[in-house]
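In this text, residue positions in the sequence shown follow our numbering: the first is 287, and each later residue adds one.
For each residue, glycine too, the CB sits at the ideal point set by N, CA and C.
In what follows, a structure is listed as C-alpha cells, so that the remarks can point back to it.
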Amino acid sequence: MKREHLIILAIVALLVAWPLLMGNYAVSQANRAMIYALAALSFSLLAGRLGWFSLCQTTFAGISGYTIAILGVRYGLPFPLLVTLALLFTAVSAVIFGLLTVRSRQVSFLMLTLALGQMVWALSFQWVDVTGGYNGIAGVRMPVYGDLNLNDTRVFYVLVATVTVAIFLAVWRLYRSPFGLLLLGIQENEQRMRALGHPVYLARFTAFVLAGMIGGVAGVFLVYDMGIMSPSPLGLGHAVWVLTAAVLGGYRTLLGPALGVAVLIALETLVSQYTDRHMMVIGLVLLLSILLMPRGLAEVFEQYFKRKSKPQASVTTTTRGEEP
C-alpha cells in the first residue's frame with residue numbers, strides 16, 4: 287500500500303476515534319481545528335500552486351457566515367437553502383474579487399486582497415442595520431431533524447469531519463490532475479505556459495474561485511460553531527492567523543495547513559494555561575520554527591521519512607545485485 291494511502295487511513299482512523307475517546311471540550315476544539323484547516327487549505331491552494339499569498343480567504347468565510355446569519359436568523363430560511371445561498375454568494379464574491387486581482391502579481395496581489403478584505407470588514411462594522419455592527423447577529427443554530435440534533439457537539443463533529451475529509455481528498459485529486467500540474471507550471475514559468483497555448487488567465491481565475499469556495503464552506507461551519515456572526519472573523523488578525531498556520535505547517539503540501547492549524551490551536555490551549563502572555567510565547571515559537579523550518583513542518587516530516595526509506599532501498603539494491 288502506498289504511503290499516501292496509509293496516511294489517509296491513519297487520519298480517518300484518528301478522526302473516527304477522537305469523539306469516542308475525548309471529552310466535549312476536545313471535540314469542540316477539533317471542530318474549530320477542522321474549520322480553520324479548510325480556511326488554511328483555501329490559502330494554500332493559491333500560495334502553494336501559484337505563489338499567491340492572499341489575505342482575503344477569511345473574507346469569503348465571513349461572507350458565507352453573514353449570509354447564513356442574516357437570512358437564517360432574520361428571515362428564517364431553511365438550512366439547505368441557507369447553505370446553498372451562502373455558497374452562491376461566496377462564489378459571486380470570489381468571481382468579483384478574482385476579476386479585480388487575478389491579473390496582478392505577487393505583492394500587488396497581496397495588497398489587493400488585503401484592501402478588498404478590509405473593505406468587507408469595514409462594511410460589516412458600519413452597515414449596522416444589516417450586519418448588527420460590532421455586536422453581530424446572534425442566535426445562529428443548526429436544525430434538528432427528529433432525534434438528530436446537529437447542534438450537539440459530537441453530531442456536528444461528524445458533519446464537519448465528513449465534509450472536511452471530502453474536500454481535502456478532492457483537492458488532493460486536483461493537485462494530481464492536469465489542472466493542478468498546469469497551476470504549478472504557471473508558477474514556475476508563466477510565459478512558457480502561454481507559449482504552449484495553455485489558458486493561463488482562466489486557470490488562475492478558476493483556482494481563485496475554487497479557493498474562495500473552500501473558504502465559504504469554512505464560513506458555513508464557523509458561523510454554526512460560534513452561534514453568532516460578527517466582524518471579527520473578517521478582520522486582519524484572522525487572515526494573518528490562517529496565513530501563519532499554513533506557513534507553519536507547510537503551505538506547499540496538502541496536509542501542511544491542517545497540521546499548522548492543529549499545532550497553533552494546541553499551543554494556544556497549552557500555553558494559555560500557564561501565562562496571560564501566551565501570544566508572546568506562541569510568537570517566539572513561530573519565529574523559531576519559521577527560521578529553523580522555512581518549508582514547514584509537513585515537509586520536514588516528509589524529508590525525514592524519505593531519509594528513513596533510503597537505507598532500506600540501498601540494501602535491497604545491493605542484495606539484488608549479489609544474486610546470481
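Asked: Nearest candidate by alpha-carbon position, reference serine 394, set Gly337, Leu482 and Ala312; Found: Gly337
Asked: Validate contact between the stretch 373-381 and the stretch 488-495 using beta carbons, cut 8 Å, 3 pairs; Found: yes
Asked: Glycine 502, buried or exposed, once every other Cβ within 10 Å from all chains shown has been counted against 16; Found: buried
Asked: Test item: CB-CB of serine 575 and leucine 540 under 8 Å; Found: no
Asked: Separation of alanine 447 from alanine 303, as counted between CA atoms; Found: 12 Å
Asked: Residues bridged to alanine 434 (per DSSP); Found: According to the sequence as given, residue 434 is leucine; it is not alanine. Tyr431.
Asked: Assigned secondary structure, leucine 306 (DSSP; H/G/I helix, E/B strand, else coil); Found: helix
Asked: Alpha-carbon to alpha-carbon, threonine 530 and glycine 536; Found: 10 Å
Asked: Sequence-distant residues of its chain with Cβ nearer than 8 Å to threonine 439 (five each side left out); Found: Asn310, Val313, Ser314 and Asn317
Asked: For glycine 498, the nearest candidate out of Ile293, Ile297, Leu341 and His291 (CA to CA); Found: Leu341
Asked: Unbroken alpha helix (DSSP H) run spanning phenylalanine 395, endpoints; Found: 392-412
Asked: Beta-carbon contacts of isoleucine 568 that lie in its chain and below 7 Å, excluding the five residues immediately before and after; Found: Leu553, Glu554 and Val557
Asked: Own chain, CB closer than 8 Å to tyrosine 431, minus 5 neighbours either side, in chain order; Found: none
Asked: Span separating the alpha-carbon of glutamate 609 from that of tyrosine 461; Found: Because the pLDDT of glutamate 609 is 41, which lies under 50, any placement of that residue in the model is unreliable, and the number read from its coordinates should be weighed accordingly. Glutamate 609 and tyrosine 461: Cα-Cα distance of roughly 40 Å.
Asked: Nearest to threonine 344 (by Cα), restricted to the options Leu398, Ile453 and Leu520; Found: Leu520
Asked: Assigned exposure category for tyrosine 560 - 16 Cβ within 10 Å defines buried; Found: exposed
Asked: Own chain partners of isoleucine 423 with C-beta closer than 6 Å, once the 5 adjacent residues on each side are dropped; Found: Ala355, Val359 and Met515
Asked: Rounded straight-line distance, which links the Cα of arginine 538 to that of arginine 581; Found: 8 Å
Asked: Nearest-angstrom beta carbon gap, aspartate 511 and isoleucine 321 [assumed within contact, 8 Å]; Found: 6 Å
Asked: Extent of the continuous alpha helix (DSSP H) to which tyrosine 352 belongs; Found: 343-355
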